[in-house]
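Below you'll find the structure, written out as structure tokens, and then a few comments.
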Amino acid sequence: MENRVPELFGSMVFHEHVMKERLPKSTYKTMCKVMQEGKRLDKEVADIVANAMKDWAVEKGATHFTHWFQPMTGITAEKHDSFIAPAGDGQIIMEFSGKELIQGEPDASSFPNGGLRATFEARGYTAWDPTSFAFIKDNTLCIPTAFYSYGGQALDKKTPLLRSMEAFNKQAMRIMRVFGDTETSRVNTTVGSEQEYFLIDKAVYLQRKDLVYCGRTLFGAKPPKGQELDDHYFGAIKPRVKAFMSDLNIELWKLGILAKTEHNEVAPAQHELAPVFTTVNIACDHNQVTMEVMKKVADKHGLVCLLHEKPFDGVNGSGKHNNWSISTDKGVNLLEPGDSPVENTRFLLFLVALIKAVDEYQDMLRISVASAGNDHRLGANEAPPAIVSMFVGEDLQEVLNSIESGAEYAGRDREMMKVGVHVLPRFFKDTTDRNRTSPFAFTGNKFEFRMLGSAVSIACPNFILNTIVAEELAQFADQLEAAENFLTAVNELIRKTVTEHKRIIFNGNNYSDEWVVEAEKRGLLNLKTTVDALPYYVTEKNIATFTKHGVLTEEEIHSRYEILAENYIKVVHIEALTMLELAKKSILPAVSAYVKELAETISFKRQISPSINCRSEEILALELSQLCADFVDKISDLKECLAKAHDIADGQKEGEYYRDAVIPAMADLRRIADKMEEEVGEKYWPFPTYAELLFSVL
Numbered sequence: 025m026e027n028r029v030p031e032l033f034g035s036m037v038f039h040e041h042v043m044k045e046r047l048p049k050s051t052y053k054t055m056c057k058v059m060q061e062g063k064r065l066d067k068e069v070a071d072i073v074a075n076a077m078k079d080w081a082v083e084k085g086a087t088h089f090t091h092w093f094q095p096m097t098g099i100t101a102e103k104h105d106s107f108i109a110p111a112g113d114g115q116i117i118m119e120f121s122g123k124e125l126i127q128g129e130p131d132a133s134s135f136p137n138g139g140l141r142a143t144f145e146a147r148g149y150t151a152w153d154p155t156s157f158a159f160i161k162d163n164t165l166c167i168p169t170a171f172y173s174y175g176g177q178a179l180d181k182k183t184p185l186l187r188s189m190e191a192f193n194k195q196a197m198r199i200m201r202v203f204g205d206t207e208t209s210r211v212n213t214t215v216g217s218e219q220e221y222f223l224i225d226k227a228v229y230l231q232r233k234d235l236v237y238c239g240r241t242l243f244g245a246k247p248p249k250g251q252e253l254d255d256h257y258f259g260a261i262k263p264r265v266k267a268f269m270s271d272l273n274i275e276l277w278k279l280g281i282l283a284k285t286e287h288n289e290v291a292p293a294q295h296e297l298a299p300v301f302t303t304v305n306i307a308c309d310h311n312q313v314t315m316e317v318m319k320k321v322a323d324k325h326g327l328v329c330l331l332h333e334k335p336f337d338g339v340n341g342s343g344k345h346n347n348w349s350i351s352t353d354k355g356v357n358l359l360e361p362g363d364s365p366v367e368n369t370r371f372l373l374f375l376v377a378l379i380k381a382v383d384e385y386q387d388m389l390r391i392s393v394a395s396a397g398n399d400h401r402l403g404a405n406e407a408p409p410a411i412v413s414m415f416v417g418e419d420l421q422e423v424l425n426s427i428e429s430g431a432e433y434a435g436r437d438r439e440m441m442k443v444g445v446h447v448l449p450r451f452f453k454d455t456t457d458r459n460r461t462s463p464f465a466f467t468g469n470k471f472e473f474r475m476l477g478s479a480v481s482i483a484c485p486n487f488i489l490n491t492i493v494a495e496e497l498a499q500f501a502d503q504l505e506a507a508e509n510f511l512t513a514v515n516e517l518i519r520k521t522v523t524e525h526k527r528i529i530f531n532g533n534n535y536s537d538e539w540v541v542e543a544e545k546r547g548l549l550n551l552k553t554t555v556d557a558l559p560y561y562v563t564e565k566n567i568a569t570f571t572k573h574g575v576l577t578e579e580e581i582h583s584r585y586e587i588l589a590e591n592y593i594k595v596v597h598i599e600a601l602t603m604l605e606l607a608k609k610s611i612l613p614a615v616s617a618y619v620k621e622l623a624e625t626i627s628f629k630r631q632i633s634p635s636i637n638c639r640s641e642e643i644l645a646l647e648l649s650q651l652c653a654d655f656v657d658k659i660s661d662l663k664e665c666l667a668k669a670h671d672i673a674d675g676q677k678e679g680e681y682y683r684d685a686v687i688p689a690m691a692d693l694r695r696i697a698d699k700m701e702e703e704v705g706e707k708y709w710p711f712p713t714y715a716e717l718l719f720s721v722l
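Here is the structure:
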């Protein structure tokens, strides 16, 4: 297989090499310009590209094409059309036009839109994104596209990401020019997204309605063994899991996805896949495909891939570490110190722009990872807390301290930290990435944003990151372009920014109670839940920034706020209904049956002899009977909470009610169920336990 990997890689992708082979030279050059500079394709060129793409796809076994897009559901969507067209005499030909390539018209009425379109304006449009290569999946040619409404508003996660890339490039190029760089023609943000997931046996999964309906367990007592021994992390990969990983790699490599690293994660049955860095919009497409392929490959192996942020209580949840960096079209990483004073000054300027952005837009970064599922994960079992802060490590902290104070830098190559004359050390991962509790950590030549949940689309965190850093770069460029003395101005700008925004930097234990107190003193936000965070989406400051850079209109911002709020409510509501169904139809009958057996055992023993000791059965029967009574009360409480929620018309208030009333009622119901599970005979419990779920794959 090793010898076939180069041959397999990208074999299902209409990438540059394929285009070079199949397109006329002039058309290929035009396509390169389109991909690099965002130029529009005219109809004649589009027809040539479409025909070549169709011929290639048909040779690969494709029969259909689809505009593959990313609506606000968080997953992908596709409507398939065949290539066939009637040719007369009962014959057909295979056709695909430039018009069909460039634009599609799916119905937008059933996708989340946050009030952006009325029913009589249900038509939506998909527009080809030529910067992301077309690929073949399940005998269908998939064309990556943006999705927008009849009125032109973005209805997807891809469009704001593409807009943010342009906004970032525009402002970053201004910075490159003030530093005298006339050769760089584009600056991109790059991302590598580590994907965590659980694998469990499909037969066991199908017996858990909570996993089937909600993606997470709503009941479940802790097993005798969890992750206490740390024996799963980086441990030998079990044969069944290894077979899954091998097939997964092959399928991803065919699609041009640079799957690189695989290993066991901390929790039992938990694993991770990490790709090589690539441009952010392609990274987003690749991650969406990766999640889909993971589920399909798992199914072939009799497994289920769980991507929920917290499928099991008491063990690690699953995140998606978003490794974010900045690179030029010349291959220069702008978050890495260079070999000259100018390069180091530029590194520091981009660094402090990021520090300022994270400090001023903590709220937006928290919103970018907000979901009902991620609320269960943040702040527990190695996941970062809800308080946004940055970790820079000891070496870089010393550099920033010396810049602020003007004192001698105590690290390697001691010199006064005056911009333009100092030398910075190279920063390596082993000296910078020691704090796994930090939400936003410097890891050598990139920042790792660790708050993302495993199920989230990386589009939202990255379009927000791109935009807020673009805003800070714009402010810096305004000052430096007008400066009389560039070196003096940039030196003061870096020093001033460090001084004013150092509160966001914290290199200690983010889990400690002391940090919560300290963060409050610093004026940092502690937005513990999605409901706490969402109102910040529509503040004047945030609307101004995202509209200024053309990433979102005010209307689009409000629609996204509505969609996120509605999703939170619906998710919790579905979970509550699932709990009620399991409680009434499965758990209560099971416990009652066990109590009945205990009672019959007591009765049978006493028939033999009144002197036989029945104390153990009596105690257990009494305890379970009382728990059942309490359980019925909690079922009634949860039903009543849900009934009251229907009367709340305001979306924000309804979300707050679910947070403050429904979720605590669910927790109370679970607490009793989990206690009963610990006492009920194994053969009576109605569905697989945590022990069976977490240790089902051998």
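Note that this note's numbering has the sequence shown beginning at 25, numbered continuously upward.
Ideal Cβ placement from N, Cα and C applies to all residues, glycine included.
_Which residue wins for smallest C-alpha separation from T169, given the options V686, T51 and L186?_
In the sequence shown, the residue the question calls residue 169 occupies position 145. Nearest option by C-alpha distance: L186.
*Thinking C-beta only, is F473 closer than 9 angstroms to H345?*
The residue labelled residue 345 in the question sits at position 321 within the sequence shown. The residue labelled residue 473 in the question sits at position 449 within the sequence shown. Contact: yes.
*Candidates R639, K324 and K226, of which the one nearest S270 by Cα*: The residue you call residue 270 lines up with position 246 of the sequence shown. Of R639, K324 and K226, the residue nearest in Cα terms is K324.
*asked:* Just to confirm my understanding: we take A543, look at its own chain, exclude 5 residues before and 5 after, and list those with CB closer than 8 angstroms. What are they?
replied: Indexing the sequence shown from 1 puts residue 543 at position 519. Once the five neighbours on either side are set aside, the close Cβ partners of A543 are I411, S413, F530 and N550.
*Element boundaries [alpha helix (DSSP H), containing I632]*: Stepping through the sequence shown from its first residue, residue 632 is reached at position 608. Here the alpha helix (DSSP H) through I632 covers L612 to I632.
*How big is the Cα-Cα spacing for A377 and K668?*
If you number the sequence shown from 1, residue 377 lands on position 353. If you number the sequence shown from 1, residue 668 lands on position 644. Their backbone Cα atoms lie some 47 angstroms apart in a straight line.
*Give the single residue among N137, R390 and T150 whose Cα lies nearest to the Cα of K552.*
In the sequence shown, the residue the question calls residue 552 occupies position 528. For K552, the nearest C-alpha among the options comes from R390.
*Keeping to the same chain, check which residues put their C-beta closer than 6 angstroms to that of L32; ignore five residues upstream and five downstream.*
Position 8 of the sequence shown, counted from the first residue, corresponds to residue 32. Contacts found: W277 and K278.
*Kindly provide the ranges of any beta strand (DSSP E) runs that are 3 or more residues long and lie completely inside the region 155-209, ordered along the chain.*
159-161 and 164-173
*Beta-carbon contacts of F452 that lie in its chain and below 7 angstroms, excluding the five residues immediately before and after*: Here residue 452 refers to the residue found at position 428 when the sequence shown is read from its first residue. Only weak support is given to the placement of F452: the predicted model assigns it a pLDDT of 46, under 50, and the question is left unresolved by the model.
*How is F89 classed by DSSP in three states: helix, strand or coil?*
For the purposes of this step, residue 89 is identified with residue 65 of the sequence shown, where counting begins at 1. If DSSP states are grouped into helix, strand and coil, F89 belongs with the strands.
*Classify V443 as buried or exposed, calling it buried when 16 or more other Cβ atoms lie within 10 Å of its own Cβ.*
Indexing the sequence shown from 1 puts residue 443 at position 419. Low local confidence applies: a pLDDT of 49 at V443 is under 50, so the model's placement there is unreliable, and no value is given.
*Report all residues from its chain with a CB closer than 7 angstroms to the CB of K334; omit the five preceding and five following residues, and keep chain order.*
In the sequence shown, counting from the first residue as 1, residue 334 sits at position 310. Cβ neighbours of K334 beyond the five flanking positions: R240, G341, G397, H400 and R401.
*asked:* Suppose you measure from the CA of E680 to the CA of I199; what does that come to, to the nearest Å?
replied: Residue numbering aside, residue 680 sits at position 656 when the sequence shown is read from its first letter. Residue numbering aside, residue 199 sits at position 175 when the sequence shown is read from its first letter. One C-alpha to the other measures close to 43 angstroms.
*asked:* Which of the three DSSP states is assigned to R438 in this structure?
replied: One-based indexing of the sequence shown puts residue 438 at position 414. In this prediction, R438 has a pLDDT of 44, which is less than 50 and means its spatial position is unreliable; what the coordinates show is noted afterwards. Three-state result, R438: coil.
*If you drop the 5 nearest sequence neighbours on each side, which residues of the same chain put their C-beta closer than 6 angstroms to that of F496?*
Locating residue 496 in the sequence shown gives position 472, where the first residue counts as 1. What sits at residue 496 in the sequence shown is Glu, not Phe. Within the same chain, E496 has close Cβ partners A377, K380 and A381.
_Among A689, R683, I261 and S633, the one whose alpha carbon lies nearest that of D657_ = Start at 1 with the first residue of the sequence shown, and residue 657 comes out as number 633. For the residues A689, R683, I261 and S633, the minimum Cα distance to D657 belongs to A689.
*Sort out for me which residues DSSP pairs H287 with in a bridge.*
Translated into positions along the sequence shown, residue 287 becomes position 263. E296.
*asked:* Taking the straight line between their C-alpha atoms, what separation do you get for Y149 and F107?
replied: Position 125 of the sequence shown holds residue 149. Position 83 of the sequence shown holds residue 107. Taking the straight line from one Cα to the other gives about 20 angstroms.
*Can you tell me the Cα-Cα spacing of V215 and M197, whole angstroms?*
Locating residue 215 in the sequence shown gives position 191, where the first residue counts as 1. Locating residue 197 in the sequence shown gives position 173, where the first residue counts as 1. Just so you know, the alpha carbons of V215 and M197 end up roughly 19 angstroms apart.
*Quick one, are the C-beta atoms of L717 and Y257 less than 9 angstroms apart?*
Indexing the sequence shown from 1 puts residue 717 at position 693. Indexing the sequence shown from 1 puts residue 257 at position 233. Contact flag unset, no.
_Using only the alpha-carbon positions, how far apart do H597 and I632 sit?_
As a first step, residue 597 must be located in the sequence shown, where it is residue number 573. As a first step, residue 632 must be located in the sequence shown, where it is residue number 608. A direct Cα-Cα distance of roughly 51 angstroms separates H597 from I632.
*Mind the definition here: the region 54-74 touches the region 113-123 only if three or more C-beta pairs lie below 8 angstroms; say whether that holds.*
yes
*Give every residue of the same chain whose Cβ lies closer than 6 angstroms to the Cβ of F711, excluding the five residues on either side of it in the sequence, and list them in chain order.*
Locating residue 711 in the sequence shown gives position 687, counting from the first residue. Within the same chain, F711 has close Cβ partners Q231 and R232.
*With burial defined as no fewer than 16 other Cβ atoms inside 10 Å of the residue's Cβ, what is the status of A506: buried or exposed?*
Indexing the sequence shown from 1 puts residue 506 at position 482. Per the 10 Å Cβ criterion, exposed.
*Within the region 468-531, ranges of the alpha helix (DSSP H) (whole runs, at least 4 residues)*: 483-505 and 510-525
*From the DSSP output, read off the bridge partner residues of Y149.*
Sequence index remark: in the sequence shown, residue 149 carries index 125 (1-based). BP columns for Y149 point to Y172.
_Which of the three DSSP states is assigned to L282 in this structure?_
Your numbering for residue 282 matches position 258 in the sequence shown. L282: coil per DSSP, three-state reduction.
_F464, buried or exposed, once every other Cβ within 10 Å from all chains shown has been counted against 16_ = As a working mapping, residue 464 is identified with position 440 in the sequence shown. It counts as buried.
*Whole-number beta carbon distance between L373 and L359, since they are thought to touch under 8 angstroms*: Position 335 of the sequence shown, counted from the first residue, corresponds to residue 359. Position 349 of the sequence shown, counted from the first residue, corresponds to residue 373. L359 to L373, Cβ: 11 angstroms. No contact.
*Relative to the alpha-carbon of S134, which residue among Q115, A685 and D180 has its alpha-carbon at the smallest distance?*
Position 110 of the sequence shown, counted from the start, is the residue given in the question as residue 134. D180 is the residue among Q115, A685 and D180 whose C-alpha sits nearest the C-alpha of S134.
*asked:* Assuming Q60 is part of the alpha helix (DSSP H), what are its boundary residues?
replied: Residue 60 sits at position 36 when you count from the first residue of the sequence shown. K49 to E61 is the extent of the alpha helix (DSSP H) around Q60.
_6 angstroms CB neighbourhood of A111 in its chain, flanking five on each side removed_ = By 1-based counting over the sequence shown, the position of residue 111 is 87. Once the five neighbours on either side are set aside, the close Cβ partners of A111 are I117.
_According to DSSP, simplified to helix, strand and coil, what is F21?_
Since the first residue shown for the chain is 25 and the last is 722, residue 21 is missing from the structure and cannot be characterised.
*Going along the chain, which residues of its own chain have a beta-carbon closer than 6 angstroms to the beta-carbon of L282, five neighbours each way excluded?*
If you number the sequence shown from 1, residue 282 lands on position 258. Excluding sequence positions up to five before and after L282, its CB lies within less than 6 angstroms of the CB of P299 and V300, all in the same chain and listed in chain order.
*Pick from L511, E647 and F500: whose alpha carbon is nearest that of P365?*
Within the sequence shown, numbered from 1, the residue matching residue 365 stands at position 341. For the residues L511, E647 and F500, the minimum Cα distance to P365 belongs to L511.
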